[in-house]
Structure formats: C-alpha cells, structure tokens
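Notes to accompany the following structure.
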Amino acid sequence: MDLKVKIGNTEFKNPVWVASGTFGSGKEFEGLTELREIGAVVTKTITLEKREGNRPQRIVETASGLLNSIGLENKGLDHFIEKTYPEAERTGADIIVSIAGSSCDEFLECAEKLSEKVRPKGIELNLSCPNVAHRDTKHKLISQDPVSTENIVKRTRRTTETLLIAKLTPNVTDITEIARAAEAGGADAVALVNTYMGMAVDAFSAKPVLGNVFGGLSGPAIKPLALKSVWDVYNSINIPIIGIGGIMTGEDVAEFILCGADAVQTGTVNLVDPSSHGRILKEFREFLNRKGASSPIELKGKLAAGL
Amino acid sequence: MDQKKIKSQKTAIISNERVAKGHFVMRLESQEIASGACPGQFVTVKAGRDATDPLLRIPLGIHKIGQKDFSLLYKVVGRGTRTLSRFVKDESVDVLGPLGNGFPLEGGPVPGKSKVVIVSGGHGVAPLFALAEYLRETRPQTKIKFLMGACTAEEVLCVKELEEMGISVGIATDDGTRGCRGFVTGLMEEEIKEKPARIFACGPRAMLAEVARIAEREKISASVSLDAYMACGIGACLGCALKTEEGYKLVCKDGPVFEAGEVLWKEAVQARQSCGCE
Numbered sequence: 001m002d003l004k005v006k007i008g009n010t011e012f013k014n015p016v017w018v019a020s021g022t023f024g025s026g027k028e029f030e031g032l033t034e035l036r037e038i039g040a041v042v043t044k045t046i047t048l049e050k051r052e053g054n055r056p057q058r059i060v061e062t063a064s065g066l067l068n069s070i071g072l073e074n075k076g077l078d079h080f081i082e083k084t085y086p087e088a089e090r091t092g093a094d095i096i097v098s099i100a101g102s103s104c105d106e107f108l109e110c111a112e113k114l115s116e117k118v119r120p121k122g123i124e125l126n127l128s129c130p131n132v133a134h135r136d137t138k139h140k141l142i143s144q145d146p147v148s149t150e151n152i153v154k155r156t157r158r159t160t161e162t163l164l165i166a167k168l169t170p171n172v173t174d175i176t177e178i179a180r181a182a183e184a185g186g187a188d189a190v191a192l193v194n195t196y197m198g199m200a201v202d203a204f205s206a207k208p209v210l211g212n213v214f215g216g217l218s219g220p221a222i223k224p225l226a227l228k229s230v231w232d233v234y235n236s237i238n239i240p241i242i243g244i245g246g247i248m249t250g251e252d253v254a255e256f257i258l259c260g261a262d263a264v265q266t267g268t269v270n271l272v273d274p275s276s277h278g279r280i281l282k283e284f285r286e287f288l289n290r291k292g293a294s295s296p297i298e299l300k301g302k303l304a305a306g307l
Numbered sequence: 308m309d310q311k312k313i314k315s316q317k318t319a320i321i322s323n324e325r326v327a328k329g330h331f332v333m334r335l336e337s338q339e340i341a342s343g344a345c346p347g348q349f350v351t352v353k354a355g356r357d358a359t360d361p362l363l364r365i366p367l368g369i370h371k372i373g374q375k376d377f378s379l380l381y382k383v384v385g386r387g388t389r390t391l392s393r394f395v396k397d398e399s400v401d402v403l404g405p406l407g408n409g410f411p412l413e414g415g416p417v418p419g420k421s422k423v424v425i426v427s428g429g430h431g432v433a434p435l436f437a438l439a440e441y442l443r444e445t446r447p448q449t450k451i452k453f454l455m456g457a458c459t460a461e462e463v464l465c466v467k468e469l470e471e472m473g474i475s476v477g478i479a480t481d482d483g484t485r486g487c488r489g490f491v492t493g494l495m496e497e498e499i500k501e502k503p504a505r506i507f508a509c510g511p512r513a514m515l516a517e518v519a520r521i522a523e524r525e526k527i528s529a530s531v532s533l534d535a536y537m538a539c540g541i542g543a544c545l546g547c548a549l550k551t552e553e554g555y556k557l558v559c560k561d562g563p564v565f566e567a568g569e570v571l572w573k574e575a576v577q578a579r580q581s582c583g584c585e
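This is the structure:
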C-alpha cells in the first residue's frame, strides 16, 4: 500500500503528522516512537525573540480534553537554527517548522532565515495561537481577520519557496472566509483547527484554574467541531487541508480524510501516549486495507453527505 | 533524566491495596522500569487504556524500588486517581518511566557518617520512602531522621516500615490525633538544631516553601520534590513550568527534585493555590 501524500509540490511519506506544541522538536520522543515513520514532525512554534511563556498553572484536564495556556514559550529563532533544528534533523524525522510573530515582519524574518539556513520540509504559519497578542490586527488572533491572514501569507510567500501551511483558528464566525483568504494569499495548504478558547474554573477558590485565565482546548472533546470545520473548508477552497482536532485512532484519521483532509496532525494524544503515532498509523493502514483502498487519497472528501 | 532509560509499557498489577483512608499502594511488575529508577524519580500512569475521560496520565513518585517491580503510593484526589484505585491484581496499566531527576545522592551531598533530615507532608512520603530505603542500604552509618506531617492520624503512612528499617520517625498532625499537634516544619526546626548534611522534603508547596525558608536561614542544603499539573512528562508540552531564579524550568524534566534555594516560592505556591489544590 502506498501511503505517500503530496501537499503542494512536496511529498510526504504518509498523511499522519504530529502537531506543533505537542511533540517538542521530536527529540523528546526518541526511543518512544519511530520518528522516521512520522509523515512530518511540526516543531513547537518559534518566534523571532525568546519568549518566557505564560505564568503557571498552564494546563488542566477537562472532560475528554486538555486546556492549555503555554504562551509560546520558546528560545527564539537563532537558538532554534543553531541548536534545536540540527538536533531534530539528526533524529531522521521530516520536519515542518511552526513560526509565529507579534507582527507581520517577525513572520517574514523567521520564514526568510529558516528557508535560507535550515531548509525545512515546510513552514507552518501559526496564525492562531490563542495565548499571544498581535500588533497588526485589531483582532485577538491573526486568523480571525481575513485581511491580515491574506497579507501575512502573501508576504511570506514572496520570501520563500518552501511549502507554506497556514494554521487557522476555529474561534471565528466563518472559518471558510479565513481559509479562502489564506488560499488567496498563496498558501500551499491550510491546517485546521488550532485550539478552541476556553476556561476552567475552580468553584471552591472562585478562581480561574489557569494562570492566564483562559486557554485553548484540545483533545477528543473537540473532534466533532474540528470535523465540521474541515468539511466546511473542503467545500470552499481548492488547496489541501491538514486536519487537526482530537485524533486518537486510525479511524479518526479516516474520518478527517473523508471530510476532505489530505493529511492530519495528531496532538493531544502524543501527550497521553508518546508512542501513539506508530499505533495510529498502523490502525489507519489496517482501515484502508479493510476498505480495499490502495492509498489515502481514495478516501479524500468521500463523505456520503446529502445522498 | 536519562532518556534512553524511559520505557513506555503495559505493566501487570501485582497488587493495588488501600493502605489508609483514601490512600492506596499499587505494586507493578517491570524489571526495566525498576532497574532504571532512582529515588525521587516518577512515572506516569494511564488509568483506563482507551478511555478519553480521564484523558491524561497521572504522574506519581516512585514509592518503592524492587528488583523486578516497583510501587506507587497515591491518594485519591480526582477522577484519575479514583479510576486507578479501582484496578485489581492481574489487570494492567500503561506506565511511562522512570521520568525526571531523582534526589542528588552521588558525588557527596550525603557523606557516609553524616545526618540527614527527611520531611514529608501528606502523601509526599511516597518518593521519600524510596530515598530512606536507599540511604539505609547504601549508607548504614548515616543518621536518618524522618519527619512526617499529616492532617490526621488516619493519614500517617509507612511509620512501621520505616521504624523496622531502624529509622527514627517524628510525627506531626494538624489535629493532634497522632504525634505533635502542628506542622511538620515545627518538628524540623527542633531536629536541625543538630545540623544535618542535607534536608530532603516532599509535600504541599506551602510546606516546601517553609522548609526552604528555614533551610536558607540555617544555611542547610535542601532538596525538595514538587508536584505539578503535567501532560507529557517528558519535556515536550511545557505545561508543568515552575518559576526559578533562572527563569521557567520544567517539573517533569528539570525536576521534580529542585534545590530549595532556586525555586521562587511565592510564585510556586500561588500557581498551585489558584487551582484550589492546596
């Protein structure tokens, strides 16, 4: 069976990737899962300058979900290029680098330097971290604003030939409008969804559980919401979709692909079970076998809706 | 943390017994994890293999380290530990570990003939028991004083076992139902008049902050083991951040044992209080 998928002009060994922020640089999982078998490792988002991150408490479990407010803690672009990336590359994994910025220029500088110095397999623009503020839009998140989204994608596109993926927030009235803006800006693909903004409250102390008051919800709790976003976007754009949201099994992977995704990223499950990738890939392969499909693309968008 | 020693495996439950009100000891069979573990390290346990609720693994300090097995002492505090308490002999749980860095023992922090004071609060006794056992075996001449704090007599754990090892135990309870009435840090003040080479402590953050304050005042080195809400346990998610003098460190990867002097205690205590844990 051929699991290869093509996103833009870039080929990946399979459609099961791991999501930014849930897998470190990949090195943390060495020995726990076969890193060379991962479709792509999307590394923890980096920013131009070092960021300390949000004040603890940063995570809390909710019903079948995980609420986090890490706040993009990272050591900055230079440290990433000199130390983290070479280490990650040595694991043999295919790497997509996730970047963010508090302004458009920061995205550009990150993208430019990365394409020049480390040449990753792709760059994912994190336009949707719920835990940081941005300067170039009146909205809380860039990807809540179609104009900013298109602008950042367009300008980044001009600085790099590397595969460019725009990661979008679901915290919008109409995600298809944002996806169309990313497509118009020249993104090779869109990745959706990032986390849903949420809160956890401790009634006894009458305080929010998270130090940052709110955070982003991920995990199986959000899978039905994410599937709908992927399905809606699939019916609105022509570029590939990377589906994300609560994937725990190979069958979940199939559900996203049926809704129109070309590939998926697993997230929270990596934190629950560091060796989950191998299992999920195996389950997905078995699912295709059972369905008599010879490649993932045969399932793409084949949801029998309205029939 | 030695990443090469971390195993992710299904382990058989040898026993899972209630040892005191709300407290359980789960003994698990795994030569790989037991042989790679040091006192002060922890594992994470997935209670309910395919369950999405509870979702995350539970981080638990290693309580006893055997040749082919190890034990976890835990208190039922939420859905995860409640689920864990219902597992029985011959069932299995997924375990990831050993994780984190243990207590500093090699290279001289505890010379052979010296004295050490161990201070536990509540189920903080869990990893300190492994430490006491290790010190007893490897440093027979070291004087070990184990001070134990608990809310009430029913929650005083492991005293008999420690005394059988020849370790002297001091007890303080909040309600005075066993030992002295008051905080264990009061007992510690008395005990360190004969200066120890090092204090080892594990318990609620407010207690550890007090241990740290006294240790600094008396210029005694102290190692403290902290707990934290945690997701991955291997340094990937950055969820268990702890503010230190050198910025944020991770409880899972840089800890769970820290030098008392490096932790910014006001922030550490506040982060835990805002979630209503303590």
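Protein chains in written order, with this note's numbering: chain Y, 1 to 307; chain X, 308 to 585. Positions of the beta carbon are idealized from the N, C-alpha and C atoms, including for glycine. Predicted, not measured: the structure shown is a model, and the values here were computed from it.
{"Check": "Same chain, Cβ closer than 7 Å to X:A312, five either side skipped, listed in chain order", "Outcome": "For the sequence presented, residue 312 of chain X should be read as Lys rather than Ala. Here the set comprises G343, P405."}
{"Check": "Endpoints, alpha helix (DSSP H) assigned at X:N323", "Outcome": "Note, X:N323: premise wrong, no alpha helix (DSSP H); beta strand (DSSP E) at 314-327."}
{"Check": "Given 8 Å, three or more beta-carbon pairs between the stretch 288-306 of chain Y and the stretch 24-31 of chain Y", "Outcome": "no"}
{"Check": "Pairwise C-alpha distance: X:V432 and X:C509", "Outcome": "7 Å"}
{"Check": "Residue interval of the beta strand (DSSP E) (run including Y:M199)", "Outcome": "196-199"}
{"Check": "X:M455 (DSSP reduced to helix, strand or coil)", "Outcome": "strand"}
{"Check": "Members of the stretch 46-80 of chain Y that neighbour chain X once the beta carbon cut-off is set at 8 Å", "Outcome": "E52, G53, R55, P56, Q57, R58, I59, V60, E61, A63, S64, G65, L66, N68, I70, E73"}
{"Check": "CB of X:G489 within 9 Å of CB of X:R443, strictly", "Outcome": "no"}
{"Check": "Residue(s) in a DSSP beta bridge with Y:S98", "Outcome": "Y:E124"}
{"Check": "Start-to-end residues for the beta strand (DSSP E) that takes in Y:V193", "Outcome": "No beta strand (DSSP E) contains Y:V193, which DSSP labels as neither H nor E."}
{"Check": "Test: Y:G198 CB closer than 9 Å to a CB of chain X", "Outcome": "no"}
{"Check": "N-terminal and C-terminal residue of the alpha helix (DSSP H) that X:F507 is part of", "Outcome": "Element bounds for X:F507: not the alpha helix (DSSP H) but the beta strand (DSSP E), 505-509."}
{"Check": "Chain X contact residues for Y:S275, given Cβ-Cβ distances below 7 Å", "Outcome": "S315"}
{"Check": "Listed by chain order, chain X residues near Y:T22 by CB distance under 9 Å", "Outcome": "A538, C539, A543, C544"}
{"Check": "Straight-line gap, Y:A293 to Y:A261 (C-alpha atoms, nearest Å)", "Outcome": "16 Å"}
{"Check": "7 Å Cβ shell around Y:G101 - same chain, five flanking residues per side excluded", "Outcome": "T47, L48, F107, C110"}
{"Check": "Burial state of Y:H79 (16 or more Cβ within 10 Å)", "Outcome": "exposed"}
{"Check": "X:E517 classed as buried or exposed, judged by whether at least 16 other C-beta atoms fall within 10 angstroms", "Outcome": "buried"}
{"Check": "Exposure label - Y:M1; buried when at least 16 CB within 10 Å", "Outcome": "exposed"}
{"Check": "Identity of the residue in Y:L258, Y:R51, Y:S98 nearest Y:V42 by Cα", "Outcome": "Y:S98"}
{"Check": "Whether Y:G198 touches Y:L227 by CB criterion (9 Å)", "Outcome": "no"}
{"Check": "Against chain X: residues of the stretch 268-295 of chain Y by CB proximity under 8 Å", "Outcome": "T268, N270, L271, V272, D273, P274, S275"}
{"Check": "The stretch 1-27 of chain Y: positions lying closer than 8 Å to chain X by Cβ", "Outcome": "G21, T22, F23, G24"}
{"Check": "Length of the line joining the Cα atoms of X:I320 and Y:T159", "Outcome": "56 Å"}
{"Check": "Residues near X:G373 by beta carbon distance below 6 Å, same chain, minus five either side", "Outcome": "A341"}
{"Check": "Extent of the continuous alpha helix (DSSP H) to which X:F349 belongs", "Outcome": "Note, X:F349: premise wrong, no alpha helix (DSSP H); beta strand (DSSP E) at 349-353."}
{"Check": "DSSP state of X:D482 mapped onto helix, strand, coil", "Outcome": "coil"}
{"Check": "Test item: CB-CB of X:L362 and Y:T33 under 9 Å", "Outcome": "no"}
{"Check": "Own chain residues within Cβ distance below 6 Å of Y:S115, not counting five before or after", "Outcome": "T160, T162"}
{"Check": "Cβ-based burial, X:Q338 [other Cβ within 10 Å; buried from 16]", "Outcome": "exposed"}
{"Check": "For Y:V60 and Y:D273, the rounded distance between their alpha carbons", "Outcome": "17 Å"}
{"Check": "Three-way DSSP call (helix, strand, coil) for X:M514 in this model", "Outcome": "helix"}
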